[in-house]
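Chemist: FYI, in this note's numbering the residues of the sequence shown are 86 to 320.
By construction, the Cβ of each residue, glycine as well, lies at the ideal position given by its N, Cα and C atoms.
Okay, here's the structure, questions in a sec.
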Amino acid sequence: MVKVKSASTGPLWALVGALLIAFAGLAWWSFQQISLMGQQLVATQESFARISEEAAGRLQAISGKVVASEANVNNGSEALKLQIKQLQDQLQEQNKQQLGVAGQATELDSRLAQMTASTTELTAANAKLQGEVQALTDAVATLKAAQGEIKDLSTEVAALKKQGNPSAAIARLEQDVLVLKSAQENQPANLDAPTNKEFDVFRIQTTRNITTLQSQVQNLNQRLNAPAAATPLGQ
């Protein structure tokens with residue numbers, strides 16, 4: 086009978102032990118990795134939490150700023166609306182003032198035109214008045230000259246009364262008196278001067294003097310002619 090030699094189990098047990106050791110190392114390494122991953126996960130969660138809190142704080146701050154900005158914008162908008170309203174009111178007031186100034190300018194233009202017309206009328210009236218004054222002055226000068234002539238004629242009449250037969254001189258004197266009287270009577274019609282009281286009195290006095298002188302000359306002529314007419318009757 087042949088004896089079968091049984092195989093040795095030592096290597097198998099060694100392999101099993103190695104496997105167990107390997108599994109134990111793998112388990113320990115896996116545990117370490119899992120712990121590390123857990124720690125990393127916790128750290129990541131904490132980091133996310135901090136980030137979330139910071140983000141929430143920032144969002145809240147931003148929201149506050151947005152609200153404040155909106156409030157400022159609203160306040161600024163209200164202030165801007167108020168300024169616009171004030172500017173519109175000022176513009177309307179300026180328009181009213183411009184209309185008033187335009188009306189005043191039109192009224193001033195009308196008054197200026199009236200004053201210009203009045204000035205023109207006054208200038209024309211002044212020129213006419215100066216002409217009338219000059220005409221009156223000339224008339225007075227003419228009357229004064231006539232008075233001088235009347236005085237001279239009166240002197241001649243007085244001299245003729247002392248002469249014997251001054252017929253030719255008396256005829257010339259009568260002619261001068263008639264010319265002077267005609268000039269005196271025609272003078273007011275030829276002048277464009279106003280007749281005032283003093284001028285009328287002066288003219289009337291001159292006319293009376295001429296009439297008196299004419300009467301004296303006629304009387305003197307009649308006296309001179311009377312003896313000549315009476316002499317044939319006496320013969």
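Under a three-way DSSP split, which group does Thr-291 fall into?
Modeler: On the sequence shown, residue 291 is found 206 positions in, with the first residue counted as 1. DSSP places Thr-291 in helix when its eight states are reduced to three.
Chemist: Would DSSP call Thr-94 helix, strand or coil?
Modeler: Here residue 94 refers to the residue found at position 9 of the sequence shown. Note: Thr-94 maps to coil in three-state DSSP.
Chemist: Taking its Cβ as the centre, do 16 or more other Cβ atoms sit within 10 Å of Asn-294, making it buried, or is it exposed?
Modeler: Counting from 1 along the sequence shown, the entry for residue 294 is found at position 209. Classification for Asn-294: buried.
Chemist: To the nearest angstrom, how far is it from the Cα of Glu-155 to the Cα of Gln-117?
Modeler: Here residue 155 refers to the residue found at position 70 of the sequence shown. Here residue 117 refers to the residue found at position 32 of the sequence shown. Computed Cα separation, rounded: 55 Å.
Chemist: Would you mind stating whether Leu-305 and Ile-235 have Cβ atoms separated by less than 8 Å?
Modeler: Here the question's residue 305 lines up with position 220 in the sequence shown. Here the question's residue 235 lines up with position 150 in the sequence shown. Cβ atoms of Leu-305 and Ile-235: not closer than 8 Å.
Chemist: Taking Thr-296 and Gln-232 to be in contact with their CB atoms under 8 Å, please state how far apart those CB atoms are, rounded to whole angstroms.
Modeler: Translated into the one-based positions of the sequence shown, residue 296 becomes position 211. Translated into the one-based positions of the sequence shown, residue 232 becomes position 147. At roughly 14 Å, the Cβ-Cβ gap does not stay under 8 Å, so Thr-296 and Gln-232 are not in contact.
Chemist: Does the Cβ of Ala-224 have 16 or more other Cβ atoms within 10 Å, making it buried, or fewer, making it exposed?
Modeler: For the purposes of this step, residue 224 is taken as the residue at position 139 of the sequence shown. Classification of Ala-224: buried, given that the 10 Å Cβ count is 16 or more.
Chemist: Measuring only the C-alpha atoms, how far is Ser-132 from Val-158?
Modeler: Taking the sequence shown and counting its residues from 1, one reaches residue 132 at position 47. Taking the sequence shown and counting its residues from 1, one reaches residue 158 at position 73. Cα-Cα distance, rounded: 37 Å.
Chemist: Label Leu-238 either buried or exposed according to how many other C-beta atoms from any shown protein chain fall within 10 Å of its C-beta, with 16 as the threshold for buried.
Modeler: The residue you call residue 238 lines up with position 153 of the sequence shown. That one is buried.
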